[in-house]
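Letter by letter, the sequence shown follows residues 17 to 808 of the working numbering.
Read through the structure below, which is laid out as C-alpha cells, and then see the notes.
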Amino acid sequence: MQRKKTDIRKQQEDQTNLLELLRSRYQPYWPLFVLAGLIAFAGAFVYLRYATPVYRITASLLIKDDAKGMDGSVLSSLDIFGSGKQIDNEIEILKSKTLARQVIQHLNLYGEVVEDGKIRDVVVYQQTPVKMVFLDPGHVAPLENRRLPLKVNDATQQVSVGNNTYHLGDTVQTQWGRMIFLPGNVNDNGKHNYFVHISGEKVLTLQMIANLKVGQANKQANVISLEYNDVVPARGEAVLNELMKVYDAAAIDDKNRMSAKTMAFVEERLRIVTNELGQVEGEIEKFKTDEGLVDIGEQSKMFLESVKDNDTKLSEANMQLSVLQSIEDYVKGRREDENMVPATLGLTDPVLLELVNRLSETEMQLTRLKKTTGENSPLLASLADQKKKLAPAILENIRSLRANLEAGKQKLVVDNAKYSSILRTVPSKERALLAISRQQVIKNNIYTFLLEKREETALQYAAAISDSRIVDAAEADSFPFSPRRSMILGLAVIGGIAAVAGFISIKDMFNRDVLFRVDIEKATSAPIVAEIMQDDKAHPIAITENRRTAVAEQFRALRTSLSYIGINGPNKTIMVTSSISGEGKSFIAINLAISLSLMKKKVVLLEFDLRKPKVSKMLGVSHTPGISNYLIGQAVLGEILKKPLEGNEYFHVLSSGVIPPNPTELILNGRLEQLLASLSATFDYIILDTAPVGPVTDARLLAPFTDATLYVVRHQRTPKFHLRMIDELYHTQELGKLNIVFNGIKMRGIPGYAYGYGNGYGYGNGNGYGYGYTDEHQNGSTNKKGLTRLFK
Numbered sequence: 017m018q019r020k021k022t023d024i025r026k027q028q029e030d031q032t033n034l035l036e037l038l039r040s041r042y043q044p045y046w047p048l049f050v051l052a053g054l055i056a057f058a059g060a061f062v063y064l065r066y067a068t069p070v071y072r073i074t075a076s077l078l079i080k081d082d083a084k085g086m087d088g089s090v091l092s093s094l095d096i097f098g099s100g101k102q103i104d105n106e107i108e109i110l111k112s113k114t115l116a117r118q119v120i121q122h123l124n125l126y127g128e129v130v131e132d133g134k135i136r137d138v139v140v141y142q143q144t145p146v147k148m149v150f151l152d153p154g155h156v157a158p159l160e161n162r163r164l165p166l167k168v169n170d171a172t173q174q175v176s177v178g179n180n181t182y183h184l185g186d187t188v189q190t191q192w193g194r195m196i197f198l199p200g201n202v203n204d205n206g207k208h209n210y211f212v213h214i215s216g217e218k219v220l221t222l223q224m225i226a227n228l229k230v231g232q233a234n235k236q237a238n239v240i241s242l243e244y245n246d247v248v249p250a251r252g253e254a255v256l257n258e259l260m261k262v263y264d265a266a267a268i269d270d271k272n273r274m275s276a277k278t279m280a281f282v283e284e285r286l287r288i289v290t291n292e293l294g295q296v297e298g299e300i301e302k303f304k305t306d307e308g309l310v311d312i313g314e315q316s317k318m319f320l321e322s323v324k325d326n327d328t329k330l331s332e333a334n335m336q337l338s339v340l341q342s343i344e345d346y347v348k349g350r351r352e353d354e355n356m357v358p359a360t361l362g363l364t365d366p367v368l369l370e371l372v373n374r375l376s377e378t379e380m381q382l383t384r385l386k387k388t389t390g391e392n393s394p395l396l397a398s399l400a401d402q403k404k405k406l407a408p409a410i411l412e413n414i415r416s417l418r419a420n421l422e423a424g425k426q427k428l429v430v431d432n433a434k435y436s437s438i439l440r441t442v443p444s445k446e447r448a449l450l451a452i453s454r455q456q457v458i459k460n461n462i463y464t465f466l467l468e469k470r471e472e473t474a475l476q477y478a479a480a481i482s483d484s485r486i487v488d489a490a491e492a493d494s495f496p497f498s499p500r501r502s503m504i505l506g507l508a509v510i511g512g513i514a515a516v517a518g519f520i521s522i523k524d525m526f527n528r529d530v531l532f533r534v535d536i537e538k539a540t541s542a543p544i545v546a547e548i549m550q551d552d553k554a555h556p557i558a559i560t561e562n563r564r565t566a567v568a569e570q571f572r573a574l575r576t577s578l579s580y581i582g583i584n585g586p587n588k589t590i591m592v593t594s595s596i597s598g599e600g601k602s603f604i605a606i607n608l609a610i611s612l613s614l615m616k617k618k619v620v621l622l623e624f625d626l627r628k629p630k631v632s633k634m635l636g637v638s639h640t641p642g643i644s645n646y647l648i649g650q651a652v653l654g655e656i657l658k659k660p661l662e663g664n665e666y667f668h669v670l671s672s673g674v675i676p677p678n679p680t681e682l683i684l685n686g687r688l689e690q691l692l693a694s695l696s697a698t699f700d701y702i703i704l705d706t707a708p709v710g711p712v713t714d715a716r717l718l719a720p721f722t723d724a725t726l727y728v729v730r731h732q733r734t735p736k737f738h739l740r741m742i743d744e745l746y747h748t749q750e751l752g753k754l755n756i757v758f759n760g761i762k763m764r765g766i767p768g769y770a771y772g773y774g775n776g777y778g779y780g781n782g783n784g785y786g787y788g789y790t791d792e793h794q795n796g797s798t799n800k801k802g803l804t805r806l807f808k
C-alpha cells in the first residue's frame, strides 16, 4: 500500500515537473506564439477566400440477391455465393473506366464554361451563355492546361472561341472535332468574361474515378453508397444519377445476353424441326398418293395413341441429354465460345439451373471486369476462383441427371417395344404409313414445345429488369465539403503555434550547453542550492545592504542555504569552483562573501585562482602582494590582508599575488595549512575562489582543507557533458560536500519574462561582466533588446 502511494506521488511529481518545464520553456515566447497564430489564421483566411469550394454528392443503390433463401444444399455447401463478394464485384464495376466513359459521353462533359470572377473562377453548368454538343464522343481533341476566351453575340447568333467564330446551331468542324454550339439560358451582353476549357476523355475519366468513392453502406445489407465530389453540385448530381443509370442498363444488357442465347438456340431448333416436319408431311402425302391410301385404320390409330406420350418423353429426354452435353462441354472447355454459358432449355432440376445461372453471372462479371481492370486484379482472380469451384458441382449434377435420364429413356424404349405387337396385325402398306405418321406426331410435338419456349423466352427478354434499385437519388450537400473552413482555420493556428514550438524545441535540442535546471537534475544527483539570475549591469557587486533586486535576494537565499550544507560554527571554509573558465565562480565568491559580511560576520575571500586571478581586478585592488608571496615566505598575513570595500569592515580579501610558475607545488609546500589556521582563528567565514576543475588540479588539492564546495554551473555556458564529471565528483567526494549553484540564468523570450528564477528554466541574452566572464569568453557583444530576445 505504501509503495503504491509512493509510486502515485512520484508520478504526480513527474507530471508537475513536466508541466513546469513546458510552461517555463514556451511561456516566455507567448508574443511569438500569438503572432504566428495570427499570421497563420490570416493566411488560412486568404486561402479560403480564393479556394474553390467542392461539394459532396451522395446516393445509394440496392443490389438484389435473388439467390438468397433458395433451396439447394449443394449451393450452401459451396459457400461461394456470399453477398459480400457480389457487392465487391459490383463496387468495382461502378468504379470502372467503362462506365465512367459512358457517363462522360452521355452527359457531354468534354467542355466546361468558366466565368472569370473577381476572387476566383467559377465553373458554370446550368446557367451558361452557350451549350456545347460534341458529335464525336470518345474522339475529342483536348485543350490541355489552357483555356480560350468565349464570347457570345446574341444579335448575330455567333459565338467566338479564341480566334474562331461559329454560328449558333450549325454543325461545325473545330480543332476539337465536330460539334454544335447551341444558345444558352443566360443573356450576358458582354457583362462577364467567359472561358472555355476542353478536356480529353482519358483525363476526364481519371478525374471522375478519382472524385468517386463507392463502398458498402452496411456489411449486413446489400446497399452500396456512392459519393462524388464536384465544384458544381448540379453537375455532380447529374454524374451520379447517370452512373447509376448506365450501371442499370449494363446489368440489364448482361441479363439479356442469356435470354438472347436461349432465343437463338430455340430459333435454330425450330428451323431444323420445321424442315424435318415438312419433309415428313411430304413423305406422307407422297406415300398416300403412290399407294392409293386415304388414311390409316383404327388399329393404327390405337397404336399411335399408345406411343404418343412415350415418343414425346423420349424426345424431351434426348433434348435434355443434348443440353447436358453442351453444358458439360462448356465446363470442360471443349466449346469454342467459352465466354458464353450454353442455354438450359428443357432442364427442370433447380440446383443445376441455379448453378448454371451462377456460372453465367460469374462469366458476365469476368467479361465486364476484364474491360475495366488489369489482368492482375485481385477481383479477377477471385471470380476465376469462384468459376473453378462451380465446375465440380455442375459436373457432378450433370452426371446424376444423365444417369436418371438414361434410365428413364431405356424404360420408354422397352415400353415402346410392347406396342410393336399391334403393328404385326396391321397390313404392310398401312404399317409403312403408320411409321411415317408416327414421325410426324413426334416432330409436331417438338415443334409445339419449341414454340412455347420461344414465347416464354421472348417474354423474359422483354420484361428483363435490373438486379439493382436506386434507394436514394443523387443529392448534393447544402454546404461545401472542401475546403473545411473551421478545420483549416483551426489547423492553421495550431500549425503556426506548433511551428514556433518546434523552432524553440529544435533550437534547444541542438544547444550543447546547459539551458535548464532539469538538464542538471537528469545528469547528476548533486543538490542545487541556489539559482542566480543574469543581471545586465556590468558590475561585479550584485548585493549591498539596501539593494533588493532579484539577484541580491538570490544571494541572500544562498547565504541562508549554507547552514543546510553544514557551514556553521567551526565548519566555515567554503570552496567555489567550476568546470571551465567563464562560469562566474569569482562573481559568486565575491557576492557570497559580501552577503555574509552584511550579517556583521567577518569574511575573508582568498583569490586562489593563481593562474588567472580575477577577484582583485573585479574589486579594484592590487593583486600583489598576495597568497603566492605568503606561500613562498616573502610576506606575512598582515601585509596581504586587504579591505576592498569602503565602509565594510567585515569583508577582507587575500589577493593571488604574483603569478607563480608552479602553482600546484606552491599549494603543497606546507604553508597553506598555517595560513588557513590563522584565518580560521580570526574570521567567521573563509571563501576560496579556485581555478576550474577541468583544466587543473588546484581545486582537488584544496578540497581537503574545506568544509563544503559550491560548484558553479553557468546557464548557456557550461557544456552538458561536464555534468557527468560533476556527478562523478559528487559520488567520489573528491571535492568534499559538493553543491551546485546554477548561475547566469538569462531572460527568455521577451523582456520581463525571466523564467529561471526559482527553477532555473529559461534564458535570454546578455554577457554581464559582473558574472565573472573571462577575457576569452567576452566577445564584445552588447545587450540586445526587444524582439531579438525571441530568438535567443
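Virtual Cβ for every residue (Gly too), placed ideally from N, Cα, C.
Just so you know, these numbers come straight off a predicted model, no measurement behind them.
Cα-Cα separation, residue i to residue j
{"i": "Val255", "j": "Gln143", "result": "17 angstroms"}
{"i": "Leu608", "j": "Leu574", "result": "8 angstroms"}
{"i": "Phe699", "j": "Tyr42", "result": "46 angstroms"}
{"i": "Ile79", "j": "Tyr244", "result": "19 angstroms"}
{"i": "Ile414", "j": "Val149", "result": "55 angstroms"}
{"i": "Arg251", "j": "Asn180", "result": "28 angstroms"}
{"i": "Ser694", "j": "Arg39", "result": "50 angstroms"}
{"i": "Val339", "j": "Leu369", "result": "12 angstroms"}
{"i": "Val509", "j": "Gly518", "result": "14 angstroms"}
{"i": "His731", "j": "Glu655", "result": "38 angstroms"}
{"i": "Gly780", "j": "Ile761", "result": "Confidence at Gly780 is low in this model, with a pLDDT of 35, below 50, so its placement is unreliable and no value can be given for it."}
{"i": "Ala826", "j": "Gly133", "result": "In the structure displayed, the chain extends from 17 to 808; residue 826 sits before or after that span and is not available."}
{"i": "Ile225", "j": "Gly231", "result": "13 angstroms"}
{"i": "Thr734", "j": "Asp535", "result": "11 angstroms"}
Cβ-based neighbour list, residue i, same chain, cut-off 7 angstroms, excluding 5 preceding and 5 following
{"i": "Glu258", "result": "Val119, His122, Leu123"}
{"i": "Lys658", "result": "Val637, His668, Val669, Ser671"}
{"i": "Gly135", "result": "Per the sequence presented here, residue 135 reads as Ile, with Gly not at that position. Result list for Ile135: Arg65, Tyr66, in chain order."}
{"i": "Tyr666", "result": "Ser613, Lys616, Lys617, Lys618, Val619"}
{"i": "Asn645", "result": "Ala651, Ile656, Gly673, Val674"}
Nonlocal neighbours in the same chain, by C-beta distance under 8 angstroms from residue i, ignoring five residues either side
{"i": "Ala233", "result": "Ser76, Val239, Ile240, Ser241"}
{"i": "Pro499", "result": "Tyr63, Leu64, Ala67, Pro69, Val70"}
{"i": "Tyr580", "result": "Val545"}
{"i": "Asn587", "result": "Asp723, Ala724"}
{"i": "Lys753", "result": "Ile581, Gly582, Asp723, Ala724, Thr725"}
Cutoff 6 angstroms; reference residue i; Cβ partners in own chain excluding five residues on either side
{"i": "Leu337", "result": "Leu421"}
{"i": "Ala490", "result": "Ile73, Ala75, Glu253, Leu256, Asn257"}
{"i": "Leu35", "result": "none"}
{"i": "Val248", "result": "Val139, Tyr141"}
Buried or exposed by the 16-neighbour rule on C-beta atoms within 10 Å, applied to residue i
{"i": "Gln173", "result": "exposed"}
{"i": "Phe197", "result": "buried"}
{"i": "Arg287", "result": "exposed"}
{"i": "Arg564", "result": "exposed"}
{"i": "Asp551", "result": "buried"}
{"i": "Lys218", "result": "exposed"}
{"i": "Gly595", "result": "Rather than Gly, the amino acid found at residue 595 in this sequence is Ser. With 16 or more other Cβ atoms within 10 Å, it is buried."}
{"i": "Arg162", "result": "exposed"}
{"i": "Ala419", "result": "exposed"}
{"i": "Met503", "result": "exposed"}
{"i": "Trp192", "result": "buried"}
Residues bridged to residue i [DSSP beta-bridge criterion]
{"i": "Thr74", "result": "Glu243, Glu491"}
{"i": "Ser176", "result": "Lys167, Thr181"}
{"i": "Ala265", "result": "Beta-bridge pairing links Ala265 to no other residue."}
{"i": "Gln570", "result": "Answer is none; Gln570 lacks a bridge partner."}
{"i": "Gln189", "result": "Arg194"}
{"i": "Pro735", "result": "Asp529"}
{"i": "Asp705", "result": "Val592, Glu623"}
Report task. Go through the region 593-675 residue by residue and report every complete run of the beta strand (DSSP E) that reaches 3 residues or more, in order. Result -> 619-624, 667-670
Requested in this report: Would you mind listing the alpha helix (DSSP H) stretches within the region 95-165 that are 4+ residues and don't spill past its ends, in chain order?
Outcome: 99-110, 113-123
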